[in-house]
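Here's the structure, in structure tokens; my notes come after.
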Amino acid sequence: MPFIEVSSGPWRGVEFLRGLAAPDDAPAGCTPLTWRHNGTARLGGFIARAQAQVLIDGTFAPEGTQRAKPDAFSLRSVTTACAGEAFVFIGEMFGRTGSIETNEPCVAAQLTIAPETELAITLNPDFEYAFVAADGDLAVNRTRVPGSSVGLVDTGHRTIGLENRSDAIAHVLILGGAPTGRD
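If you're matching positions, the sequence shown starts at 460 in this note's numbering and goes up one per residue.
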């Protein structure tokens, strides 16, 4: 399966994996981050039953393999009702710090959003972001991002609205980082 280009901060692409499919080899200059819906991520290696493989610019990834299985924490909707849970793998988000280290600041976090739920999240305004919709019917600031696709947001946003418009749980991977000056 080909990678979907992301080009958001250091993040270069995403490949959605189905069933027991193994990820494709990472292109030269990129390091893979494999991700599973249960809140597990691995930088520089493969995890079994991964839902997606994300590519990060290799200059951001230190030598070796790092694995993260952080504790989940609750998310609240705009009405303060329980909206699901989140995990932070890389960088800082939601007042949490991920355990996977990178050579430059960036972020990777998972949201598991309850059905028909709307929430607002705080962003680093110096970062551009990719919202990887693994499933569900997501909307980012009211713009639809269907399952198995990616929504991109430029720098300058301090908050953003997310909606799970489906009647099932939606899994979203948030990737962010400072623009890298590429053409």
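Glycine residues also receive a C-beta, built at the ideal position from the N, C-alpha and C atoms.
The DSSP-derived three-state label of Gly504 is coil. With respect to the C-alpha of Ala500, the residue from Arg471, Phe548 and Cys541 having the closest C-alpha is Phe548.
In this structure, Gly503 sits near Pro491, with a CB-CB distance shorter than 8 Å. Glu587 and Asp626 do not touch by the CB rule: their CB atoms are close to 31 Å apart, not below 8 Å.
For Glu563, DSSP assigns no beta-bridge partner whatsoever. The closest CA to that of Ala545, considering only Gly606, Ile559, Lys528 and Val609, is found on Lys528.
Below 8 Å, too few C-beta pairs join the segment 525 to 543 and the segment 587 to 600 to call them touching: fewer than three. Contact check for Gly488 against Asp516 passes: the beta carbons are separated by less than 8 Å. Around the CB of Gly523, fewer than 16 other CB atoms lie within 10 Å, so the residue is classed as exposed. For Phe519, the secondary structure class from DSSP, reduced to helix, strand or coil, is helix. A direct Cα-Cα distance of roughly 12 Å separates Asp483 from Arg477.
Distance from the CA atom of Gln525 to the CA atom of Arg508, rounded to whole angstroms, is 17 Å. Taking all protein chains shown into account, Ser467 has 16 or more neighbouring C-beta atoms within 10 Å of its C-beta and is therefore buried. Per DSSP, Gln525 is one residue of the beta strand (DSSP E) stretching across Gln525 to Ala527. Looking from the CA of Pro521, the closest CA among His496, Gly610 and Pro564 belongs to Pro564. The criterion of a C-beta distance shorter than 8 Å is not satisfied by Leu582 and His630.
Assignment of Phe586 by DSSP, reduced to helix, strand and coil, places it in the coil class.
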